[in-house]
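**Q** Please see the structure below; I have some questions.
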Amino acid sequence: TTTPKYDWWWGKRVNDNVSSSSQESTWSIEEHFQVIPPELEIKLEAEKMRKGKNKAEEDLDSLKTYYKKLRLSMRTVGLGKTSKQWRQEIKEEKIRVDQWEKKFQDARSREMI
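In UniProt numbering, the protein residues as written are 1 to 113.
The structure is reproduced here in structure tokens:
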């Protein structure tokens, strides 16, 4: 035999292990679906994100291509000078270098004397 106090304790222990009805258990199926997105919704969202990522990668590739073409164009244009003008400028610079080299050699030979 058991005492009433033990019976009360045992009943409370058993009841503590069993969840009582809460707001969650009284939700309708529709409410559960509103809280937890269906698998299809998740798949659609993942596909949308994948497409966005692919679009961003395409845009990046397009920008890289544009950048390469722009650099090539800038090199070709040469800041507004023609190839002939560049050749002339190089020729003039070589003449200046030769003049400075000659002055340097003259100054050195004067030091040696």
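Where is the CB? At the ideal position from N, CA and C, for every residue including glycine.
Taking the straight line between their C-alpha atoms, what separation do you get for Trp-8 and Lys-43?
**A** Numbered from its first residue, the sequence shown carries residue 8 at position 8. Numbered from its first residue, the sequence shown carries residue 43 at position 43. Taking the straight line joining both Cα atoms gives about 51 Å.
**Q** For Met-49 and Glu-93, I'd like the C-alpha separation in whole angstroms.
**A** Numbered from 1 along the sequence shown, position 49 holds the residue referred to as residue 49. Numbered from 1 along the sequence shown, position 93 holds the residue referred to as residue 93. Each residue's alpha carbon lies about 57 Å from the other.
**Q** What would DSSP say about Thr-28, mapped onto helix, strand or coil?
**A** For the purposes of this step, residue 28 is taken as residue 28 along the sequence shown, with counting starting at 1. The displayed chain sequence assigns Ser, not Thr, to residue 28. Correct three-state label for Ser-28: coil.
**Q** Going by DSSP in three states, Lys-81 sits in which element: helix, strand or coil?
**A** Indexing the sequence shown from 1 puts residue 81 at position 81. Of the three classes helix, strand and coil, the one that applies to Lys-81 here is coil, per DSSP.
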